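**Student:** Just so we're aligned, residue 1 is where the sequence shown starts under UniProt numbering, counting upward by one.
We put the beta carbon where it would ideally sit given N, CA and C, even for glycine.
Computed from a prediction, not measured in an experiment: that's the story for all the values here.
Before anything else, here's the structure in question.
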Amino acid sequence: MKPGFRFKYYSSKVEVRRNSNSTRLNCVECGNRCPRYIYYKNDNSVTVTCSLNCLEKKLIPLKTF
Ligand SMILES: [Zn+2]
């Protein structure tokens with residue numbers, strides 16, 4: 001996906017943003033700095049995730065066990 005691209009993910013709007021060295025962000029899911037040149041930002045909050053994998057974990061409603 002390219003920076004600027006928007007899509008809907010589990011009823012959340014997500015925007016793909018370009019990552020840069022000066023704005024290294026920490027992923028809210030895995031806690032690592034976003035290593036790739038893009039990151040994913042949730043429109044409804046300040047949720048920033050480094051990958052679709054982390055985004056999925058973050059956005060999927062908690063499952064009942
Ligand atoms: Zn992550």
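#1: Straight-line CA distance for Pro35 to Glu15?
#2: Find the nearest neighbour of Val48 within the set Tyr37, Cys27, Asn32 and Glu56, judged by alpha-carbon distance.
#3: For ligand 3, list every residue whose C-beta falls under 5 Å from any of its heavy atoms, going in chain order.
#4: Count the other CB atoms within 10 Å of the CB of Leu52; is the residue buried (16 or more) or exposed (fewer)?
#5: Given Met1, which residues of its chain have a CB within under 6 Å of its CB, disregarding the five upstream and five downstream residues?
#6: Excluding the 5 residues preceding and the 5 following Cys54 in the sequence, name in chain order all residues of the same chain whose CB lies nearer than 7 Å to its CB.
**Tutor:** In this structure, then:
#1: 17 Å
#2: Cys27
#3: What this structure holds is ligand 1, not ligand 3.
#4: exposed
#5: Val16
#6: Cys27, Glu29 and Cys30
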